[in-house]
Structure formats: structure tokens, C-alpha cells
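Report on the following structure.
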């Protein structure tokens, strides 16, 4: 699951919605199987998976891109990998898009 604008001051509703979901997901997803989604990657957007898959995803990403990803901070009890060229910037979402276009070499908008 990918969530955009979690760190954007321009989209405070997205920020609030993400954190409300993370605090209440067990109640929200009750009866849906596993309700333990955790963040594992931040590359301008937060990526979530079930807790049981998070380590496998992190390990695979670190193996496939050893010079581009590095362990970041813990968020909601889960280690989050960070992409080396992305930092949370106060300028907002448009900067992330511009950085992605420069890095990947194609327009993303």
C-alpha cells in the first residue's frame, strides 16, 4: 500500500488521515484478516505492508539497491528504509516530483 503526502504541509488531511488510520487500524480492519500494516520504505511516499512481510521487503530492497537505500528511523514500531536522494522537505510535494523526474529521467506529471 502506498500513501502519498504523509509529510506534506500542503495536504494536512492526508497527514491526519494516515496517522488516524495507523492508530486505529486494528478496529478499522477487524474481520479483514491481518490488520497489522507497517511502513517499510519511504521514497517521497510511504509504503506499507503486513508486518510479516516487512523484513523480507526491506532485505530484498537493500540487496537490489545497496548504494541507494539506507536504514532510516523507526515509525510505528517498524524500521523504514530511506532512499538516499530523498529527504522530507518543507517545500512540499512538487519538489518530490521534480526530484523523481531528475532521478528517473522521465516526466512524472
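Numbering (this note's numbering), first residue to last: 54 to 162.
From the three backbone atoms N, C-alpha and C, an ideal C-beta is built for every residue, glycine too.
- Counted as a single uninterrupted DSSP element, the alpha helix (DSSP H) harbouring residue 114 occupies residues 104-117.
- When the Cα atoms are used, residue 69 and residue 95 turn out to be separated by approximately 18 Å.
- Residue 58 is classed as buried because its beta carbon has at least 16 other beta carbons within 10 Å across all chains shown.
- Between residue 72 and residue 89, the gap from beta carbon to beta carbon reaches 8 Å or more.
- DSSP, read as helix, strand or coil, puts residue 121 in coil.
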